[in-house]
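Sequential numbering of the sequence shown, starting at 1082, is according to my numbering.
Reading through the structure tokens given below for one structure.
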Amino acid sequence: MRLPRTLVTITASTFAFPAFAHGLTPGPIGIYFAALHTLTEMPMPLVLISVGLLLGLNKDVPIRQTWLFLILGIAGGLTGILAWRVYIHPILPLLSLTVIAALWAASGVQLPRSAATVIAVMTGYFAGVFFAPAPALWSMQAYAIAGGAIGTCLGLLATYFTVALITGRWNFFWIKLSLRIVASWIAAIAAMVIALSLQ
């Protein structure tokens, strides 16, 4: 009985249409509210923290390149939903990305550049779908897009630089171990949310 329900949930999420439940705020203040929405509404904080942890623990992966692919992913997600109306419900993919990134960070396995690129593009794509604005004046949509992009980049980069600075300043084994434990908790939280959403 669970398998059919799981298949129905995945199919419904894939072929759903955007609800655009979040209203737009007119004027430049819309940038602030869009960024706040991106940084506070689940599962965006989880995915940004987990990917930031993963990249921060793998400092040999160049953050400039990864950030560029994050931006390209955001542009792809926004273009797909706003121009072509290609919509995949972002919650389940974002939670899945959270589990993948957090488990990878918790494992301590080295992150290849190719994997970092894929994770950054996928995170950006579904983040763009997540904060895509409702139909409105182009100026209001621009403010919402700018705020969402700023919030996404700010959340990921703040986590990355915090982890990178801590591990660079105090190069103790127990610090990295503590960060890996935090990553495992995040993975467990995201996995439980996925399990509850599929019931």
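Each residue gets a CB set at the ideal place from its N, CA and C atoms; glycine is no exception.
Terminal residues of the alpha helix (DSSP H) in which residue i lies
i, result
"residue 1057", "This structure leaves residue 1057 out entirely; the chain is present only between 1082 and 1280."
"residue 1241", "1219-1250"
"residue 1114", "1110-1121"
"residue 1202", "1194-1211"
"residue 1169", "Segment: none, residue 1169 is in no alpha helix (DSSP H) and carries neither H nor E."
"residue 1140", "Element bounds for residue 1140: n/a, residue is neither H nor E."
"residue 1253", "From DSSP, residue 1253 is part of no alpha helix (DSSP H); its letter is neither H nor E."
Straight-line gap, residue i to residue j (C-alpha atoms, nearest Å)
i, j, result
"residue 1252", "residue 1126", "27 Å"
"residue 1275", "residue 1211", "17 Å"
"residue 1195", "residue 1128", "19 Å"
"residue 1280", "residue 1270", "16 Å"
"residue 1259", "residue 1221", "42 Å"
"residue 1218", "residue 1262", "45 Å"
"residue 1231", "residue 1182", "21 Å"
"residue 1157", "residue 1165", "11 Å"
"residue 1119", "residue 1229", "6 Å"
"residue 1268", "residue 1246", "23 Å"
"residue 1185", "residue 1135", "7 Å"
"residue 1173", "residue 1272", "10 Å"
"residue 1124", "residue 1130", "10 Å"
"residue 1145", "residue 1224", "24 Å"
"residue 1227", "residue 1248", "31 Å"
"residue 1255", "residue 1138", "13 Å"
"residue 1168", "residue 1216", "14 Å"
For residue i, the nearest candidate out of the options (CA to CA)
i, options, result
"residue 1234", "1221, 1133, 1247", "1133"
"residue 1155", "1273, 1214, 1257, 1193", "1214"
"residue 1202", "1152, 1107, 1192, 1110", "1152"
"residue 1162", "1209, 1173, 1131, 1122", "1209"
"residue 1204", "1141, 1227, 1225, 1159", "1159"
"residue 1207", "1144, 1175, 1180", "1175"
"residue 1200", "1265, 1111, 1142, 1106", "1142"
"residue 1117", "1236, 1257, 1266, 1240", "1236"
"residue 1197", "1242, 1106, 1187, 1148", "1148"
Three-state secondary structure (DSSP) of residue i
i, result
"residue 1105", "coil"
"residue 1148", "helix"
"residue 1093", "Note on residue 1093: pLDDT 44, under 50, position unreliable in the model; the coordinate value appears next. Note: residue 1093 maps to helix in three-state DSSP."
"residue 1129", "helix"
"residue 1100", "Reliability of the predicted coordinates at residue 1100 is poor, the pLDDT of 40 falling under 50, and the value obtained from them is presented with this limitation in mind. Coil."
"residue 1164", "coil"
"residue 1272", "helix"
"residue 1215", "coil"
"residue 1136", "helix"
"residue 1279", "coil"
Chain C contact for residue i (CB, 9 Å cutoff)
i, result
"residue 1165", "Going by chain labels, chain C is absent from the structure shown, which holds only one protein chain."
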